[in-house]
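Residue numbers (our numbering), protein chains in the order written: chain A, 1110 to 1331; chain B, 373 to 585; chain C, 718 to 967; chain D, 1172 to 1434; chain E, 1172 to 1434.
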Amino acid sequence: MTFDINVLIGQWPAIVSGAGVTIMIWILGTIAAAVIGFLMAVARQYGGMLIDKVLGAVVAVLRGTPFLIQIFLVYYGGPFVGLDLDPLPAGLIGISIYGAAYFSEIFRSGFLAVPRGHIEAGECVGLTQGQIVRRILLPEMTMLVLPPSVNMVVILMKETAVLSIITVPELTATLSAIGSQQYAFVEALSALALFYWVLVEVTGWLGNLAETKLSRFRFFNA
Amino acid sequence: MSVKLFELLLQASIYTVTISIVSILIGFAIAILLSGMLLSGRGLFVRPAQIFISFFRGVPLLVQLLLIYNLLPVIGINVPSIVAAIIGLSLCTAAYQAENLRGGFASVPRGLVESAEMVGLTPRQIFRRVKVPIALRLTFPALVNEAILILKASSLVSVVGIVELTRMAQDLAGSTFLPLQLFASAGLIYLVINWLVALAGGLIENRLPGAPR
Amino acid sequence: ADTLAAVKAAGTMKVGTETAFAPFDFIDAGEHVGLNVDLFNEIGKELGVKIEWVTLPWDGVFPALEAGKFDVVAGPATITKKRMERYRFTPPLAEATIAILKKAGDQTISKPEDIAGKKIGVGKATAQLDQLKEFSEALPTKVDIREYPAFTESYADLAAGRIAGVANSLPNIAFVAKQREGTFEVVLPPFGKKSYFGFIGLKDADHAPLMDAIDAAMLKIKADGRMATLQKKWFGASFDTPDSVKDPAF
Amino acid sequence: MSVPAIAVRNLVKTFGETTVLHNVDLAIEPGQVSCLIGPSGSGKSTLLRCMAFLEEATRGTISINGEVLGFTEDSQGRRERISAAANRAIRAQIGMVFQQFNLWPHMTALGNVSEALKAVHKMSRKDAEERAMAQLVKVGLEGRAGHYPSQLSGGQQQRVAIARALALKPKIMLFDEPTSSLDPELTGEVLNVMRDLAAEGMTMVVVSHEIGFAATVGQQIIFLDHGKVLFSGSPQEVFKKPRNLRLEQFLDTYLDRGASMLL
Amino acid sequence: MSVPAIAVRNLVKTFGETTVLHNVDLAIEPGQVSCLIGPSGSGKSTLLRCMAFLEEATRGTISINGEVLGFTEDSQGRRERISAAANRAIRAQIGMVFQQFNLWPHMTALGNVSEALKAVHKMSRKDAEERAMAQLVKVGLEGRAGHYPSQLSGGQQQRVAIARALALKPKIMLFDEPTSSLDPELTGEVLNVMRDLAAEGMTMVVVSHEIGFAATVGQQIIFLDHGKVLFSGSPQEVFKKPRNLRLEQFLDTYLDRGASMLL
Ligand SMILES: Nc1ncnc2c1ncn2[C@@H]1O[C@H](COP(=O)(O)OP(=O)(O)OP(=O)(O)O)[C@@H](O)[C@H]1O
Ligand SMILES: Nc1ncnc2c1ncn2[C@@H]1O[C@H](COP(=O)(O)OP(=O)(O)OP(=O)(O)O)[C@@H](O)[C@H]1O
Ligand SMILES: [Mg+2]
Ligand SMILES: [Mg+2]
């Protein structure tokens, strides 16, 4: 089997820039997704029937169809309905909204897991709804939502690879271009695997760190 | 876009559905084993499970599939496409499901384990008869979620030569040059499949006996 | 082991390809058809073997070729210097020279030079990209080149109006224009240096006899006029191709 | 007659098909201790929760010191919701101690008690913790201020819950079985705290299975059965000469059980 | 003197810095009902859990009918863990009823009771369910065998928990506050079941705030305070002439509270 690492070394500026784009979209997109997802969960919890139903349908569509297809339709179909986005913003917005749908479900299950009585106790001592969300719901559900959130962060990282289809110059696009220019597919895919694996390990490590740091939010059931 | 094209998409989606379902079931069995290893507290079991999860969660599924499809023959095991696809998806979903289940096991109320200890069940019996059913109940929504993710991720098995739904849409777009229509149709089919999965999940969840308080 | 012997013994030759490359390989009404299918049937007859197709996305084709999942890759691919370093190409089966696809009725582009200063799409990391770049250098104002992961997306963007044209090999865009008459139109003539499509195989000694046999079969098919007939069938015209490409233009 | 601390007017509460409270009318007098007794499932907790607007009544109104809480209702039965801020203001006069304690598991005992002082009363961290500590001392838990609920015994959790409610100095206290997890001695201590509160003019409504407690501390006894108020009056009327058959029967099982050794 | 059913020797239990049990020495006589009383946080639950080896003691030993459970300890204080299988064998003699019942939510009442018969005693499904059913009949729940815990009332859940423990025919039963969350009527039912067991000569250790029960059914009363056994003796000694000042004080508050209306 041919394996010539020099093919990649010669192209390092392009690879570094691709990696930079991937990491940037991943981090910004994840943060935006978590924030939007949290707001969606709050809106569904406190916004009344109609908002809950509408957002529920939006979430079902976003989760029910592959990201590849969503981003393709929005980017290439958008101009027909007057929505002409550049690749980078389109990719960032796409990742954020797709991730938000998943995060909103994670947070919602977190909300539901907090015993009603704890919320009522907050109401009884006069905490406002915002204070209850911030000071009781969020900390209490932390340990429960942490593992699925880490999973989600990993999934979003891998979804950034899909953005090559709308010409975002992220790492998968860069490496597969190098691969097909020189027909060095094996080298390119190995480098890609190594890069994502390292990022996932770092994410998992940060997740464990957070679990340890936040372990005071772990409650032992009697 | 013609009816014929839509039919082709529907036919291709049969691969998507069957490969996903088989993989999710196999993956679940492996995940139970893995989470049991993770929670055993013995390095001998914990380390291999951690390495397994690290690899199959960390390396892109595309690369995993290529490795299974192209590397196993090098050591003399020639796997057909469909087997390679199922092995790849199963191992990948096992890694994610194991993490979910670990959270579920950690949430089994301690008192229920204590009451099982008091009537003399062995640790293994406690695991199988008390912890697994309760953890399953607790993590069931996450498992349905994972099923939906796998249904979508199954588009990657085209890399080992299976023309599933997404690949069929891409192939057809490559000859008819109607990508928007084809992708929208494929999206619709995914949506319906996943909606059915969520619906079935909800029904099963309501049938699972007794949620812990 | 000698691959040719193995293929003959088995009575089948496995050919890997991607089925999203019309008119060479594509799915029509659920059937895998195209020039490659017809041509390999002829090659199979010459070698006395049946053809078995393995279809993969392009990403998976070369790792699978190296893993021995099939004996040769159809494709085809533009024969370039760099690619020749790693793989062995068969004699050309079609011209790969580049031409422009524009939106039907676009009056602003009537000859290749009119793309000066316009946004033109092209496949990322393709031989066509290099050709377009070279052509652009010679124009008074440079072409605004947009690179796409695959040509499908560049056609989508042409339809959406983000770009004014797509530069791709003539056989491919001629087929696109025929499929979507009224949407797209080919700008003639092609431009740039001549380049050619070939099938791809491994360079190692094991595969040499097989590749030699395929080469011989293709030259025979070309010599007796079957190649020209097939080119007419799929492209509407035949090409004058050399017997081998030793020193590609790119 | 003065304005009642809590006026319950024609209250109906249904869960789906089941009606749990049937047209309950009640007036809780200010500065008195009222005890709600009755068999399991009779609707005691539900009534108390309606009084704190933790449960939306299906019909009828609740007024706290003359101000309507939750929903107003006109003579045609049209109900209108009161603004969240207004409800919060009225509810600030009420403190509640839950049957399940409902301590926040991510905060220490001190944190549980000082939380609202900081968040609602905008006290500085230092002041809030000082006042919270004083309250914990009052319930005998100064040594457990830094413990999380999971590290406290049942009775200790209950006392933290009481301290949390009292720290806000409410005018009215609602207790749902405040002594169910307390041993006799502590029950006595908690009672003393409650007596002091009563002396200071605090209004209290106590749901209790402890009929002894109701008898000695209650100034008003309310007997609930199947969601209806079957009896309401002074302890003397209840225990000396219960004229209600169902009430008599209910009290009998209690006398049966505990009396033998005390007599 | 016979071998005690449970011998607690020099038991110490600490959680981090806090010592919860201080050198507890106790002998529970076979065939007797022993009641563990004491103020909140005194260590009653912890002691009971140590007896069942649900909590690892820091020092000291527990023996069940003469066999050491959990850890052996030599004269130098070196502790050695006993094999899991041996512990299981010893523990098989003990049944426990938890304060929170801890029924398995995914099994019916019948399933909860028959599970260990099938899994531990290797009985056939039919035999196990027959025996489980007989046990449910004993606690008056034959009509609820197919119900899941979430479909049972508190008192019913409690009785299933008792049936589950009894089905294994343990020699010793441990109860942690078996009636704290029940109303007087349900409390009566549960206490009756326990009285029957006592009459059959079962060894029982009961943590209870129900001093009435302790007084009438208990043959040995153990008073725990701040993790120390302050008194251990017969009910007569406890209630008629308590000679321990702290115990007297503890009981006084109880008499104070409940007696006035009963007398
Ligand atoms: N969310 C609900 N849905 C349906 N029924 C309910 C709900 N909450 C309470 N109930 C029913 O309402 C009735 C009254 O319940 P409530 O908790 O007020 O009783 P209680 O008098 O406090 O009893 P206990 O002494 O056991 O605490 C019960 O029969 C109960 O089953
Ligand atoms: N995990 C823990 N960490 C620290 N302290 C603990 C822990 N568990 C219990 N304690 C402390 O141990 C002491 C004894 O607790 P235990 O539960 O045995 O009391 P108890 O006698 O059963 O009280 P109650 O009657 O209130 O149930 C308490 O002071 C409690 O705060
Ligand atoms: Mg209640
Ligand atoms: Mg206790």
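Note that beta-carbon positions come from the ideal geometry of N, C-alpha and C, so glycine has one too.
Since this is a predicted model, take the numbers as computed values, not measurements.
For ligand 2, no non-hydrogen atom lies closer than 7 Å to the CB of G1231 of chain E. For a Cβ distance threshold of 8 Å, residue set F549 and P551 of chain B lies close to Y872 of chain C, ordered along the chain. Under the three-state reduction of DSSP output, T1185 of chain E falls in the strand class.
Closer than 8 Å to the CB of S1205 of chain E there is not a single CB belonging to chain D.
The continuous beta strand (DSSP E) containing R1252 of chain D extends over residues R1250 to R1252.
When rounded, the separation of the alpha-carbon atoms in P452 of chain B and E759 of chain C is 27 Å. S1205 of chain E is a Cβ neighbour of V1376 of chain E, given a cutoff of 8 Å. For R429 of chain B, the enclosing alpha helix (DSSP H) covers residues G415 to G430. In the three-state reduction of the DSSP assignment, T1243 of chain D falls in the strand class. When the beta-carbon positions are compared, A1280 of chain E and H1318 of chain E come within less than 8 Å of each other. Note on geometry: alpha-carbon atoms of S1379 of chain D and G1314 of chain E lie some 30 Å from one another. Close to P1188 of chain A, with beta-carbon spacing below 7 Å, are these residues of chain C in chain order: A877, G878 and R879. Counting other Cβ atoms within 10 Å of its Cβ, N753 of chain C reaches 16 or more and is therefore classed as buried. Comparing C-alpha distances from P1276 of chain E to each of B:T465, B:P551, B:V504 and B:E471 shows the shortest one belongs to B:V504. As DSSP reads the structure, N885 of chain C sits in a beta bridge with C:A816. In the same chain as F1394 of chain E, and ignoring 5 residues on each side of it, the C-beta atoms closer than 6 Å to its own belong to I1208, G1209, L1401, F1402 and L1418, in chain order. Going by DSSP, G1326 of chain D is part of the alpha helix (DSSP H) stretching over G1325 to L1337. Nearest Cα to I393 of chain B within the set B:I522, B:F512, B:L554 and B:T511: B:I522. Annotated three-state conformation of W775 of chain C is helix, per DSSP. Of all alpha-carbon atoms in C:F967, C:G899 and C:T958, the one lying nearest the alpha-carbon of F852 of chain C is that of C:F967.
Take the alpha-carbon of S1211 of chain D and the one of G1404 of chain D: they are about 21 Å apart. Under DSSP, Q1391 of chain E forms a beta bridge with E:S1205. Around G1326 of chain D, the beta-carbon contacts reaching into chain E at under 7 Å are S1211 and G1212. Under the Cβ criterion of 8 Å, R1366 of chain D is not counted among the residues facing chain A.
Annotation: Cβ neighbours of G785 of chain C in chain B (cutoff 7 Å, chain order): P445.
For F868 of chain C and G840 of chain C, the gap between their C-alpha atoms comes out near 6 Å. Contact residues of the region 1260 to 1287 of chain A toward chain C are S1273, I1274, I1275, T1276, A1282, S1285, A1286 and I1287 (C-beta to C-beta distance below 8 Å). Distance from A1199 of chain A to Y1184 of chain A at the Cβ level is roughly 5 Å; contact confirmed, criterion being Cβ atoms closer than 8 Å. A direct Cα-to-Cα measurement between Q542 of chain B and G792 of chain C gives close to 16 Å. The residues A1150, Q1154, L1246 and M1250, in chain order, have a CB closer than 8 Å to that of F1220 of chain A in the same chain once the five nearest residues on each side in sequence are set aside.
Around I459 of chain B, the same chain offers I440 as residues with beta carbons nearer than 6 Å, after the five sequence neighbours per side are excluded. Cβ-Cβ distances below 8 Å link A545 of chain B to P551, L554 and F555 in the same chain, with the five nearest sequence neighbours on each side left out; the list follows chain order.
Within its own chain, the residues whose Cβ lies closer than 7 Å to the Cβ of P907 of chain C, once the five positions on either side in sequence are excluded, are T814, I815, A816 and L887, listed in chain order. When the beta-carbon positions are compared, D1193 of chain A and G1187 of chain A come within less than 8 Å of each other. Boundaries for F1269 of chain D: no alpha helix (DSSP H) harbours it, and the DSSP string shows neither H nor E there.
In the three-state scheme derived from DSSP, where H, G and I count as helix and E and B as strand, M1375 of chain D is classed as strand.
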